[in-house]
Each structure stands twice: as structure tokens, then as C-alpha cells.
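Residue numbers (the numbering used here): 406 to 788.
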């Protein structure tokens, strides 16, 4: 297996086995000029057959909007599914949360065309792909196959239920933490929309759009799917578009209450980020998961050894559970905002740590008993 982490500044752009791309976002100057592709000629974007989005934050997808002609040769696209989220009163607050999240994302980039971030993602990828492709949301327990390697999805769950029970006991307390953060984000948005009625109007539109777009995807019970399969959606099916006329606002222009709501929504959304590992434990990817989910996932993988670990949220998110893993090399996509990631105490036990801020583009070639590392500076070493 080979892994390439491009230097995109504050974002993430990862290649696995040449033809699978995970996220495509970062600093506009680096994304739009493609200079990092010239450093990594063996990973041209026109070879991409599988695209995986870890979560709907701009620094993980904005590169798609700077591709002005068809480059991808896509066959499959995957993105995190929207869980059914049940609070203590038995109410499904998932649609409310995601409609608020998408209304806020309207101020940035994605989710401004159809009212659904997933639908807009698919539409944008269709614009830049030379081929039709299949697509599906991913949940914990699902698997997807690329280039003969199977990947197991570790997060998010299909259902988050504060009232779930196992043997008469309340399910993991982390579910309560997730729902508490989601309700806090909902509350912050509702305060902001009182002062800014345009947010209320956007939220109503998104609620209708998301309910329609996800009516066949919103899970009611735990299941597991293996991808690709014949039941996946296809871009042969035309996506209905109901344009939203409001103009997006830049993050730097957000009023105080809106900024508070945006921060709370982004933090809660991190809890639902995609995480997965390869079946042979060559790579572990934790997206932008927060501490509770990092610990939850890592505890389920206790004492396992991984060749390459893609650190959560550019290496900044902590979680003592990471110390339970044996890691040969950790890679962090780091820009100017997160260059202090080396202070993360939960990564200190990992001897070999590389990041794009200091090392540029990083290539890891995983062999049976060693990992060869090359940087864009063309210095190399073997671990």
C-alpha cells in the first residue's frame, strides 16, 4: 500500500494506492495553483476512481470548486451518513441539527444549491468527473472496497439514542455527550436566528430539502452494507435542483451570535466525522473526531498495530485512547493554524511523526516489514 499526503496548508488531501482520494481541501493559494501536484507527479487527479469525504467542513472539500474542467475518472463516491439522533424525549433531532448545519454552511460554500450538502457534493463531483459513478453514505459497520483492499467504517453510528439500553443499562455515556453538544449547537443557532431572521428562513428551506433528500437514507435500525454494490445510487439519476437565492457570507463577516452558533455546529459535526481502517491495518483514519469519539474508536482497536495513522483534526484533537494503539508512523496535515500540533501529549508515544508544515508532501510506501518515506524535498529514509 502507498499513501500520499499533499501539502495543502490548512486542510487535507490524501491519496491511497494512487486511485483513491480522501478529502480535497485546503488553503486557496495551494489548492487553486496545483503546485503541489507537480511535487507529486505520481498522484495525478485524473487517475482518481474513488473519492471519500470525511465530513462537510470547507477545509476538506473546497478544492473541488477550483477544478475548472473534468479531471476525475470516478467509479465510487462515499461520504458520512446522517445518523438518526434521538434525545431523551424520544425526539429525532438529527434533521434539525443538519438543517441548521447546512444553513450555516450556506455562509461558506457547500449546501447552497440544492439544500443538501451531500447532493451538492455529488453534483460538484459529477461536474469534474469524466465518468458516471455510484455513491453512498457510510455508517459504522459498513465496508467499502478499493483496489482489492477492504476498508471497515468505524464511525459514525447509524443511530445515536440517549435512551438505548443494553442488558438494562444505559448505552455508552458518549452518546449523551454527542447529543448534549448537538442540542447546545441547536440552541446557539436558535438564538442567532432570532437576531438574524434570514437564518430562520434558510433553516426552513434546508429542513424541507434534507427531509426530502434523506428520506431513503435516514436509518431506523442498525444494518451493515458492503460497497460497492448494485443498490448504490448512480449519477445516471438526475438530481433535482431547487436553487437557494441567498448569497453566501464569508466566515470573517459573521456577526457574534452567528459565529458562536457556527463554532458550536462545527464542533458537534466533528463528532459525526467519518473514521475507518483498512482490513490489514495498514492505515487508520479518524477524520476530525473529537476526544470522546477518538477514545471510543481507539478502545475498540486496543493493542492493534497500524502502519500509518492519519491523526485526527490535523493532529490537534486529543484522546488518551490513542495510547492504546501501536503506530509505526503518524501523518498530520498541518498548515499555519495548527503547526503547534506537536504539543499534543497523546501523540508523544509515537516515535515517527511527520507533518506537511515541516515536511511538505509526504509519500509513505508500506512494505511487509518496513515503510519507505519520501518528502517533496526528495530526501528519504526508511523506518
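Heads up, the beta-carbon is just placed ideally off N, CA and C, and yes, glycines get one too.
Since the structure is predicted, the reported quantities are computational estimates derived from the model, not experimental observations.
Contact check, residue i vs residue j, beta carbons under 8 Å
i           : j           : result
residue 673 : residue 702 : no
residue 548 : residue 422 : no
residue 591 : residue 491 : no
residue 463 : residue 486 : no
residue 582 : residue 700 : no
residue 527 : residue 471 : no
residue 459 : residue 412 : no
residue 480 : residue 567 : no
residue 823 : residue 727 : Residue numbering for the chain in the displayed model covers 406 to 788; residue 823 lies beyond these limits and cannot be assessed.
residue 709 : residue 557 : no
residue 694 : residue 560 : yes
residue 524 : residue 484 : no
residue 711 : residue 689 : yes
Range covered by the beta strand (DSSP E) that runs through residue i
i           : result
residue 455 : 455–457
residue 430 : 425–430
residue 565 : 564–566
residue 683 : 680–683
residue 494 : Careful: residue 494 lies outside any beta strand (DSSP E) and carries neither H nor E.
residue 541 : 539–543
residue 548 : 548–551
residue 768 : 767–771
residue 749 : Counting along the chain, residue 749 falls outside any beta strand (DSSP E), and DSSP gives it neither H nor E.
First through last residue of the alpha helix (DSSP H) which encompasses residue i
i           : result
residue 780 : Taken as a continuous stretch (DSSP letters only), residue 780 belongs to no alpha helix (DSSP H), being part of the beta strand (DSSP E) at 776–780.
residue 690 : Premise fails: residue 690 lies in the beta strand (DSSP E), 688–690, not in any alpha helix (DSSP H).
residue 484 : Per DSSP, residue 484 belongs to no alpha helix (DSSP H); it is in the beta strand (DSSP E), 481–485.
residue 762 : 761–764
residue 674 : 661–675
residue 731 : Premise fails: residue 731 lies in the beta strand (DSSP E), 731–737, not in any alpha helix (DSSP H).
residue 699 : 696–705
residue 509 : 499–510
Rounded straight-line distance, which links the Cα of residue j to that of residue i
i           : j           : result
residue 534 : residue 476 : 6 Å
residue 645 : residue 530 : Note on residue 645: pLDDT 46, under 50, position unreliable in the model; no value is reported.
residue 478 : residue 665 : 40 Å
residue 638 : residue 772 : 36 Å
residue 609 : residue 616 : 11 Å
residue 768 : residue 605 : 46 Å
residue 803 : residue 407 : Coverage of the chain is limited to positions 406 through 788, which leaves residue 803 absent and any answer about it impossible.
residue 611 : residue 511 : 10 Å
residue 777 : residue 770 : 5 Å
residue 601 : residue 662 : 9 Å
residue 677 : residue 545 : 11 Å
residue 488 : residue 552 : 28 Å
residue 724 : residue 587 : 20 Å
residue 755 : residue 414 : 23 Å
residue 540 : residue 692 : 19 Å
residue 633 : residue 596 : 42 Å
residue 706 : residue 735 : 16 Å
residue 780 : residue 409 : 10 Å
residue 686 : residue 631 : 18 Å
residue 419 : residue 565 : 29 Å
residue 441 : residue 722 : With a pLDDT of 46 at residue 441, under the threshold of 50, the modelled position of that residue is not reliable, and the figure given next carries that caveat. C-alpha separation (whole angstroms): 26 Å.
residue 451 : residue 538 : 14 Å
residue 434 : residue 496 : 44 Å
residue 629 : residue 660 : 42 Å
residue 403 : residue 461 : The requested residue 403 does not occur in the structure, where the chain is confined to residues 406 to 788.
residue 432 : residue 599 : 33 Å
residue 509 : residue 424 : 32 Å
residue 469 : residue 720 : 24 Å
Nearest to residue i (by Cα), restricted to the options the options
i           : options            : result
residue 453 : 426, 749, 761      : 426
residue 507 : 546, 630, 607, 755 : 607
residue 482 : 536, 493, 472      : 536
residue 627 : 637, 563, 663      : 563
residue 417 : 640, 660, 716      : 716
residue 503 : 469, 614, 456      : 614
residue 675 : 456, 779, 584      : 584
residue 550 : 713, 593, 456      : 456
residue 593 : 667, 468, 660, 709 : 667
residue 713 : 693, 757, 671, 729 : 757
residue 774 : 706, 733, 495      : 733
residue 718 : 749, 704, 781      : 749
residue 542 : 687, 636, 433      : 636
residue 589 : 501, 419, 660      : 501
residue 532 : 731, 640, 684      : 640
residue 731 : 598, 704, 469      : 704
residue 505 : 469, 603, 468      : 603
Contact test: residue i Cβ vs the ligand PLP heavy atom, cutoff 7 Å
i           : result
residue 772 : Inclusion of the ligand PLP in the displayed structure is not the case, the ligand content being empty and no account of it being possible.
### Query
Does the region 724–742 come close enough to the region 754–771 to have 3 or more Cβ pairs within less than 8 Å?
Using a Cβ-Cβ distance cut-off of 8 Å, the region 724–742 and the region 754–771 are in contact, since at least three pairs of beta carbons, one from each stretch, lie closer than that value.
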